[in-house]
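Colleague: Before we start, here is the structure in question, set down as structure tokens.
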Amino acid sequence: MNYGLPTSEGDNDGICTSDIEKNMENCLTNTVMDQSLREILSDPYYLSDENFSKVSKFSPDEHINYELYLFNTRREADLVDLAAISFATDFRKYNGFHKIMSSIAAIFTEVMKDSEIQQFARNIKRKPEDLHFSNQSIISLENSVNKVTLEHSNNNRQESNLKKNVQYEQCDNKDTVKYSLEILHQNLNVGQDINHLVVVGDGKTYDLLVKLKGNMDQDLIGSSFSRRLAHTKKLSGMLMKLYLDAGLKDFIEIFHQGATANSVIQAVNFDKTQNFLLQFWESLFRFQIETVIKYFHFNHEQNDHFIHIKRVSDILSDDTLSPLEKIQKEMQFFQKFSFEYEELLGQLCEENENWRFWNTFLSHHCFTYIAYFIAIRSGNWELRNFCIKEVTKITQITESKYYARLLPYHIADLKNFPAGVIKKFEEGAFVVNISGRNIHSQGLDEAHESCINREVKDIIKPKNTGFSFKPQTVSYVKKELKDQRLENSLLRKQISWSKNQNIPLSDFQQFIALPKAIVDSDGLPYKGDKSKTLKIFRSRYPDSFTNILTETPQCVVIDGMFFVHTKPLLSSHKTFTDYIIYLYKKCILPYFDNNNTVEVHLVFDDQSPPLSPKDIERNRRDLKNENTSGVSFTKSSKLPSDWLKFLTNRNNKKQLVLLISEQFLLLSQNDIKLNQTFVVGGGFDNSSLSKCVVQNEIRVIKNFQTNISEGDSRVWLHTEKTLCDTVLIYSPDNDTYNIGLPFIQTLDKQVFVQLTFKKDVIYLNMNKLTHSMKNDPDLQYLSNDNHDNIPSIFQMLYIVTGCDYVSFFRDHDKTSFYQIFFKYPDCITSNNIVKGWLGILSDSDNTENAGFLAF
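Note that the numbering used here has the sequence shown beginning at 1, numbered continuously upward.
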């Protein structure tokens, strides 16, 4: 296992790994004794016989015992031995790892309830009743204040107003500290009304107090105590200093980048640094256990000496057991397993210095960090004292001179604390719990600062409800000006759109599911001007258009929906019969008068269509038009005064189509010749039917029966089915000739489309149009397959760009799409494009329509 620790003779700084270890050991044995004892024992405060006997009372042979300091919760004598600092044993002889394992088992036993494991997720907000730990007296901040000051106000004594007296004094000053203690001592009558007063301060305050002890009044010294807890934030920085270059930096850069990684490396962001250390420690610990068990299987599986490891391994590999059952079985012989585990781990540490190095991280340094955090949060006084002693050793290793000097003083002070104060600390009075939840206690100084931050700083600091303030740098001003220009541009667009829609700007904020680039404020597709496809084709393929038919059509197919919208002449048309006869004579009869025309087909849309994409457009039309009630009428009924309003009701339009179809069939019986046929499709209750008049008889013709619901598509069915060689289609709709582009190549007929019904009639020769498209110079580079499918390509282009009225892309009309298409036709239409070609959105093996996806 190598986590970045150099395996060569020396590391990057030229220091051998063995030298690093020796340096750590020497610091623990010599430096601590030399510096800590020298400073403490030379202090005048400790030179008195009584104090010196307390400080110097230690046993040179005493070893640090995890059981003693972690879980002996009722120890009364020698709470903190100076031997823990000055005579620490060698790390390799540090008989404690199995104790750690057994201690974990003890903790596990405490959180067991009714043989069920309490599961605690890190990110779940826990309630106090969800946790079960040993009972300890956790005194809240409010109760502490009451005991120290408020309860004495009932005795008509003036409450201390320290803030008023010292608010103008210099901070971090010896005279200020002394003055504050004198005020507290005098106003609270320390030694008379209360026996002891614990004063909380930061490291600087404690340093000043240590320097003042030799010159202060003995009564004041004996009654006032100041404590400084070593913060986990400082300890995390020490761990980073020890292990950063050995491998922690590599792991940090995996999980964090940039400024976040630097904040963790420098240990300036406490939350992120702590989370990283906890996660790394847990991951490394799990990996160590897993590796040791693998080491056992490869080297000692047949050794009866490690029978308990084999049992644990078998339990872990038994998939039939639940996690709860596995743990219950393991707990039966967990302590014996820990001894065997320690023995195997010791073998690995002797064989590999990397193992030894990172085992020190797991079982000593980082374990101290975690244990100290738990001690404060849970109010465990003995565990806290043990961790302070361990932190003192780490400060010597990392050359943290400030804490290395103060922590020995703090430990010596604890030796001189009165028994009553120590007893309260053992009960949990050295921490407070603001939130009232278990494992949420804080040190006195930490809680004091938290209350200040919550109640004072938030009031003093003005809250900025908008964007955070940034200094007025040149780059910042440029960015602000750019944002202002963007905001003004967007505001102008909103104002313009507001005027266009006649909607107040205050009511203009829209919340729609689709982008406004493809839908309007109502969530419907944009309805722009008439499609410009016809103009594009006329300018590019002028030979396909003519004002005079070169051949007389044998068959005429008429889209009847355009006749319906022809307004009646109210001066001469009184009833529906008058109106129908007018339409018949204008649109149908002229073709029968031509002897060359043998068939006339009239087709209508299905007036009760199934679900269709056009429902969106139909609903939009219905919303914009006034609601008109449906009326029942016959051929003799009078015409409505407002014809267009009458047609907005779809039921009225359906009745009108049925009436026109019926009356046209009856009228044609008397007008057509024997060789002529009149066909009506879609204008009946059953829209799939087609009826015809042949030899003056009305018949149902099955040859034209279909489920096509749109008239512009149905005209091509009639064009295909008719036996005539020349066909004229009347339909001003742009959809009609685009729909028919692919069919022309399969029809052995001449097909014309009449686009207007005025004097300057325009006819589109569909055969010439497809021929011109195939001969277009810009399309000659297409592959053979695509060259034959050019009409289909133009149809697809028409569809994907929004067909006729509807525009799928705001401010992008047909002209821009066709211009791009003629510039890059091969890229857009080719199905043989290399995978990964620039512009291809579809990177799959299916290349069908890949070009259009890119387009």
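Heads up, the beta-carbon is just placed ideally off N, CA and C, and yes, glycines get one too. Since the model is a prediction, treat every value here as computed from it, not as a measurement.
1) At what residue ranges does the region 649-707 contain a whole run of the alpha helix (DSSP H), taking only runs of 4 or more?
2) Of the choices M240, L674, K211, whose alpha-carbon is the least far from that of Q274?
3) Taking buried to mean at least 16 other C-beta atoms within 10 Å of its own C-beta, is A447 buried or exposed?
4) On the DSSP bridge assignment, give the partners of D559 in chain order.
5) Start and end of the beta strand (DSSP E) containing N594?
6) Got a sec, what are the start and stop residues for the beta strand (DSSP E) T726 sits in?
7) Pop quiz: D778 and P825 are said to be a contact at Cβ under 8 Å. What is the actual Cβ separation, rounded to whole angstroms?
8) Just verifying my parser: in three-state terms, what is the DSSP assignment at Y763?
9) Please return the same chain residues whose Cβ sits closer than 8 Å to the Cβ of K654, not counting the five positions on each side in sequence.
10) Give me, in chain order, the residues of the same chain whose beta-carbon lies closer than 8 Å to that of T176; leave out the 5 immediate sequence neighbours on both sides.
11) Could you name the residues of the same chain whose beta carbon sits closer than 6 Å to that of S709, not counting the 5 residues immediately before and after it, in chain order?
12) Output the boundary residues of the beta strand (DSSP E) element that contains F752.
13) Spell out the partners DSSP gives T546 in its beta bridges.
14) With a threshold of 8 Å on Cβ separation, who are the neighbours of L857 within its own chain once the five nearest residues in sequence on each side are excluded?
15) List in chain order: all unbroken alpha helix (DSSP H) runs of 4+ residues lying wholly within the region 391-427.
16) Would DSSP call A261 helix, strand or coil?
17) On the DSSP letters alone, give me the boundaries of the beta strand (DSSP E) that V268 sits inside.
18) Use the C-beta contact count for F298: other C-beta atoms within 10 angstroms, 16 or more gives buried, fewer gives exposed.
19) Starting from the Cα of I790, find the closest Cα among F752, L741, N596, A375 and give me that residue.
20) Short check: CB of E551 to CB of Q754, under 8 Å?
21) Using 10 angstroms around the beta-carbon of Y579, count the other beta-carbons present and answer buried if the total reaches 16, otherwise exposed.
22) If we ignore side chains and look at the alpha-carbon of each, how far apart do L505 and D483 end up?
23) For the beta strand (DSSP E) that L197 lies in, which residues bound it at each end?
24) Taking 8 Å as the cut-off, does the region 554-564 touch the region 730-738 (at least 3 CB pairs, one atom from each stretch)?
25) Answer yes or no: the CB of M796 versus the heavy atoms of the ligand GTP, is any distance below 7 Å?
26) Using DSSP's beta-bridge definition, name the partner residues of V432.
27) Could you give the DSSP three-state label for T575: helix, strand or coil?
28) Where do the N-terminal and C-terminal ends of the alpha helix (DSSP H) with I254 fall, by residue?
29) On the three-state DSSP scale, how would you describe I503?
30) Nearest to V600 by alpha carbon, out of S544, L184, L728?
31) So which of S632, V800, I397 has the shortest CA-CA distance to L658?
32) According to DSSP, simplified to helix, strand and coil, what is K614?
33) Who are I194's beta bridge partners in DSSP?
34) From G436 to E480, what does the alpha carbon distance come to, in whole angstroms?
35) Does the region 565-575 come close enough to the region 670-686 that 3 or more CB-CB pairs lie under 8 Å?
36) Closer than 8 Å is the cut-off here; do at least three beta carbon pairs connect the region 373-380 with the region 310-323?
Modeller: Looking at the coordinates:
1) Runs found: 650-668.
2) The residue with the shortest Cα to Cα distance from Q274 is M240.
3) Residue environment analysis places A447 among the buried positions, since at least 16 neighbouring C-beta atoms fall within 10 angstroms of its C-beta.
4) Paired residue(s): V603.
5) Note, N594: premise wrong, no beta strand (DSSP E); not H, not E.
6) Here the beta strand (DSSP E) through T726 covers 726-730.
7) For D778 against P825, the beta-carbon gap comes to about 6 Å, under 8 Å, which counts as contact.
8) DSSP places Y763 within a strand segment (E or B) once states are collapsed to three.
9) Excluding its 5 nearest sequence neighbours in each direction, K654 has C-beta neighbours in its own chain below 8 Å: Q607, S608, listed in chain order.
10) V166, E169, Q170, listed in sequence order.
11) A distance below 6 Å between beta-carbons, with the five flanking residues on each side excluded, links S709 to the following residues of its chain, in chain order: D606, P609.
12) For F752, the enclosing beta strand (DSSP E) covers residues 750-754.
13) Y763, per the DSSP bridge assignment.
14) As shown, the chain starts at 1 and ends at 855. That puts residue 857 outside it, with no answer to give.
15) Runs found: 401-416, 419-424.
16) In this structure, A261 counts as helix in the three-state DSSP scheme.
17) For V268, there is no enclosing beta strand (DSSP E), since its DSSP letter is neither H nor E.
18) Exposed: under 16 other Cβ atoms inside 10 Å.
19) Looking at the Cα atoms, L741 is the closest of the given residues.
20) No, they are not a contact pair.
21) The residue in question, Y579, is buried, as its Cβ has 16 or more Cβ neighbours within 10 Å.
22) Between the alpha carbons of L505 and D483 lies a gap of roughly 21 Å.
23) For L197, the enclosing beta strand (DSSP E) stretches over residues 197-200.
24) With the cut-off at 8 Å, the region 730-738 and the region 554-564 touch.
25) For the ligand GTP, the structure offers nothing, since it holds no ligand at all.
26) Answer is Q442, bridged to V432.
27) T575 falls in the strand class under three-state DSSP.
28) Boundaries of the alpha helix (DSSP H) harbouring I254: 249-255, taken from the DSSP string.
29) Shown here, I503 sits in coil according to DSSP, grouped into three states, outside any helix or strand.
30) For the residues S544, L184, L728, the minimum Cα distance to V600 belongs to L728.
31) Among S632, V800, I397, the Cα nearest to that of L658 is on S632.
32) In this structure, K614 counts as coil in the three-state DSSP scheme.
33) Answer by DSSP bridge pairing, in chain order: V190.
34) When rounded, the separation of the alpha-carbon atoms in G436 and E480 is 46 Å.
35) Verdict: no, contact absent.
36) Short answer: they don't touch.
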